[in-house]
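Worksheet for the structure shown next.
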Amino acid sequence: MKFRATVLSLAIGSALLTGCADQMQKEPAAAPTADAVLGTYADIALATYEDSLTTAKALQASVNTLLANPTEANLAAAKAAWKAARVPYQQSEAYRFGNAIVDDWEGRVNAWPLDEGLIDYVDSGYGSESDENPFYTANIVANKTVKVGGITVDASTINKKLLAETLHEIDDVEANVATGYHAIEFLLWGQDLNGTNPGAGNRPVTDFDLNNCTGGNCDRRRDYLSAATDLLVDDLEEMVGNWAVDGAARADLMAKGPQGGLSTILTGMGSLSYGELAGERTKLGLMLHDPEEEHDCFSDNTHWSHYYDAKGIQNVYLGQYTRVDGSVVKGASLSQLVSAAAPALDEELRAKLDNTEKAMKVMADTAEAGNPFDVLIGANNPEGNQIVQHAVDALTDQTESIEQAIAVLNLDGIELEGSDSLDNPTSVLAE
Amino acid sequence: MFSRYSLLPVLIPVATLFLAGGVAHASPSDAQWQAINVQLTRDHILPRYQTLASSSAELANATDVLCQQPEQLTAAQTAFHKTMDAWQGIQHVQFGPIEFLMRNFSMQFWPDKKNLTSKQLNELLSQKDTASLTPEYFRGASIAVKGLPALERLLFSDKAQTPYGCQLTAAIAGNVATMSREIAQEWESQQLPRIDAAPGGEDYYEDSTEAATELMKALVEPVEVVRDLKLLRPLHKGANKAKPRRAESWRSERSLRNIQLNLAALAELYRGNSTTSVKALLIAEGESELANQIDTHFQQLDRTLSSIDKTLYQAVKNPADHATLKQVSGQMKALHSQLEEAMQKLNIQLGFNSRDGD
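Line by line, the protein sequences are chains A and B.
Add 48 to the 1-based position in the first sequence for this note's numbering, that's all there is to it.
Add 85 to the 1-based position in the second sequence for this note's numbering, that's all there is to it.
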């Protein structure tokens, strides 16, 4: 679902004034060309997706090891590989909004939230039916044939084709997420049944054990995990290709011209900051206090997913990305471009991005200390709610400066993802 | 309203900043808008919130009675219908005290794409915790369990007739009554004075036009929201693919009634009274044709909706009714465009006014 808020043109007047004042006070830095900035942006995209692919292949290898030998240690290794794979992928999310090729593809790899009852067994607390989704409890792992409404699904063989072409978003319901990181996450961890108390999902490794099967249909669950992981690797390979030197996404970006290309960068930054990350993935959790209102709800890894989302926004602004091997991709940046037009605004935006990183770090540290995101958003946890609210506030704050950057660079008419949970002047904490 | 689906998409068209320059007629004066603001606040908004407050108080009583006399379910359901009638009649107003403390979401968290109302209600029902029955609990509770959709699920099932289920029903009804009473009071004590003081420009509103803009948003935006959420989502891609459970209030079989009440409220907002109205203002601007077209659309929509003799749940699956409802959708789209045009003629910039329809 797309929600849009435009960048407020109201900001234009004051931002321009600021810009003029700055120029009178300071010698503006030499600006890089827009083409150079776009080049860096595309190079960082390529590196980030390459790293996503490398780590997904490592995940695939550890899943294969797990299936060959379903031990606790191998399950733990697969979970660790999944978490490691999230680090570069989340940083790529700054590319999602604004680049049509990425946005059209994203649903295959990172769709959320999901009705996990489509895939496998669920706890009774999940409920048996949904007004929105007839496939709410279809349980493909357990059922070789599923008949719902007018649709009959032959799921006798679980493979990539079944997941990608039949099950994913079946019956036009977005919550039918059959593929991607979160489907894999559910298979590795299982449901988190700890409510808003500490603890992640705790699927027994014997759910994958053919000789000592728990949860039923271990053969089919293994097929599902294997197919979903292979599919993730395929999808990421496709996106790496799109950002290669002759790739389609890079070509699209360059074809937009300097103004259009810079708009794309800022659209991605602003939309992820505001509507998506601050709103949909965070503020809504504070309003619903629901343990599944967290992005990585099975693994309780949400704090790192949010942290690296924010990091990705910073990367594209600063034109700098630290790869998983520690090397750095770096080049002409949007920051330099904004600095040349309005140095104070650039400083302000960089400071706000730092501030968001700090707020995200506090949330991550609190989570690692035993209070993950679903605990922090719980009802009757004002301290936890406050920590999460700080992250929302920091993201909202940086969005305002992103809007000003759009105005300063004269890039009108950009639409950012909006969020009613944010646009309404309400305070969860006042509740 | 509303949830994830309607975490509304807001678009401030940069273009509208420039459109104003091309309007030939003199804009309505601030004094003209002030007259409309005062009329609509006193004759439209306040009475409707008062009706919501009184009907929800009756509903709270009826659910208390139900817990003593389980055979009184029908009476409690009737009281629910009255409260829902009142809410549907004022749902279009999304500014003022309804925004405070997330009351808009708390009154009605819908559509509920993640099935959270069901999930969270089931959890409460299985825990049977008496601490979850207090006003304190409801102040901090999830928006999914403290409003009208949660009440509907309880009252239009056997759940409200179990001892704990009934207590929970009464507690939620109490919460709805409290919110409704507070909203009505705050409109009287806070929002009305702000609107009265708008001409001075020294209080909440910069001028009467700014206050009028909020009222005009309440007139224009809901036409599109109601069409998208209440009509097009259940209609989906054809009678054989319809999704009846996406209809609002399908459990209490009042989905179509809701839409009719929404449109009737908007028509009243548009027509004002015999001397003061948006319609009259349009005519004074030389836009009689547009003014009358809008009026006619409201009448047509009411007639067409009244002609459907099934519930929306049934109608979306019936090819003939499905086609009729598609016509209704088309009429609503046309009405929305005309209202947007009217706002341009009246030099009102709606700001947060546009939704992406996907």
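Beta carbons: idealized from backbone N, C-alpha and C, even for Gly.
| query | result |
| --- | --- |
| Residue 290 (chain B) by DSSP, collapsed to three states: which one? | coil |
| On the three-pair Cβ rule with 8 Å, is the stretch 257-264 of chain B touching the stretch 278-295 of chain B? | no |
| Kindly indicate which three-state DSSP category residue 312 (chain A) falls into: helix, strand or coil? | helix |
| Between the alpha carbons of residue 240 (chain B) and residue 163 (chain B), how many angstroms are there, rounded? | 10 Å |
| For the putative contact between residue 223 (chain A) and residue 181 (chain A), defined by C-beta atoms under 8 Å, what is the C-beta separation to the nearest angstrom? | 5 Å |
| If the criterion is Cβ atoms closer than 8 Å, does the pair residue 379 (chain B) and residue 424 (chain B) meet it? | yes |
| Would you identify the three-state DSSP class for residue 255 (chain A), choosing helix, strand or coil? | helix |
| Is residue 399 (chain B) helix, strand or coil when you go by DSSP? | helix |
| Return the residues of the stretch 335-347 of chain A that lie within a Cβ-Cβ distance of less than 9 Å from chain B, sorted by chain order. | 335, 336, 337, 338, 340 and 341 |
| Select from the stretch 285-315 of chain B all residues with a C-beta closer than 9 Å to any C-beta belonging to chain A, and list them in chain order. | none |
| So which of A:150, A:140 and A:310 has the shortest CA-CA distance to residue 83 (chain A)? | A:310 |
| Can you pull the chain B residues whose beta carbon is under 7 Å from the beta carbon of residue 283 (chain A), in chain order? | Within 7 Å Cβ-Cβ: nothing; residue 283 (chain A) doesn't reach chain B, min ~22 Å. |
| Note down, in chain order, all residues in the stretch 198-209 of chain B with a beta-carbon under 8 Å from any beta-carbon belonging to chain A. | 198, 199, 200, 201, 203, 204, 205, 207 and 208 |
| For residue 457 (chain A) and residue 296 (chain A), what's the separation of their Cα atoms in angstroms? | 26 Å |
| Might you give, ordered along the chain, the residues of its own chain that have their beta carbon closer than 8 Å to the beta carbon of residue 107 (chain A), omitting 5 neighbours on each side? | 126, 129, 130, 132, 133, 232, 277 and 280 |
| Tell me which residues share the same chain as residue 426 (chain B) and place their Cβ nearer than 7 Å to its Cβ, disregarding the 5 neighbours each side in the sequence. | 375 |
| Go ahead and label residue 325 (chain B) buried or exposed: buried means 16 or more other beta carbons lie within 10 angstroms of its beta carbon, across all protein chains shown. | exposed |
| Quick one: list the residues of chain B neighbouring residue 311 (chain A), beta-carbon separation under 8 Å, in chain order. | Near residue 311 (chain A) there are no residues of chain B at all, since even the closest Cβ is about 13 Å away, more than 8 Å. |
| Does residue 260 (chain A) come within less than 8 Å of chain B when only Cβ atoms are used? | no |
| What number of angstroms, rounded off, separates the C-alpha of residue 467 (chain A) from the C-alpha of residue 323 (chain A)? | 5 Å |
| With DSSP as the reference, identify every bridge partner of residue 377 (chain A), one or two as the case may be. | A:369 |
| For residue 181 (chain B), which residues from the same chain have a beta carbon less than 7 Å from its beta carbon, with the 5 sequence-adjacent residues on both sides left out? | 272 and 276 |
| Any beta-carbon of chain B closer than 8 Å to the one on residue 509 (chain A)? | Nothing can be reported for residue 509 (chain A): it is not among the residues displayed for chain A, which extend from 49 to 479. |
| Could you have a look at residue 202 (chain A) and say whether DSSP puts it in helix, strand or coil? | strand |
| Quick one, which of A:423, A:408, A:157 and A:428 has its alpha-carbon nearest residue 442 (chain A)'s? | A:408 |
| Can you tell me whether residue 235 (chain B) is buried or exposed, with buried defined as 16 or more other CB within 10 angstroms of its CB? | buried |
| What residue from A:109, A:196 and A:137 has the CA that sits closest to residue 10 (chain A)'s CA? | There is no way to answer for residue 10 (chain A), as the model of chain A reaches only from 49 to 479. |
| Considering only residues of the same chain and omitting the five flanking positions on each side of residue 353 (chain B), which have a CB-CB separation below 8 Å? | 129 |
| Fully enclosed by the stretch 326-357 of chain A, which beta strand (DSSP E) runs are 3 residues long or longer? | none |
| What number of angstroms, rounded off, separates the C-alpha of residue 275 (chain A) from the C-alpha of residue 206 (chain B)? | 35 Å |
| What are the boundary residues of the beta strand (DSSP E) that residue 195 (chain A) is part of? | 193-196 |
| Can you tell which of B:191, B:176 and B:371 has the C-alpha that lies nearest to the C-alpha of residue 305 (chain B)? | B:176 |
| Please report the straight-line C-alpha distance between residue 423 (chain A) and residue 365 (chain B), rounded to a whole angstrom. | 55 Å |
| Could you name the residues of the same chain whose beta carbon sits closer than 8 Å to that of residue 291 (chain A), not counting the 5 residues immediately before and after it, in chain order? | 90, 93, 94, 97, 297 and 298 |
| Are there 16 or more other CB atoms within 10 angstroms of the CB of residue 384 (chain B), so buried, or fewer, so exposed? | exposed |
| Alpha carbon to alpha carbon, what distance is there between residue 269 (chain A) and residue 112 (chain A)? | 13 Å |
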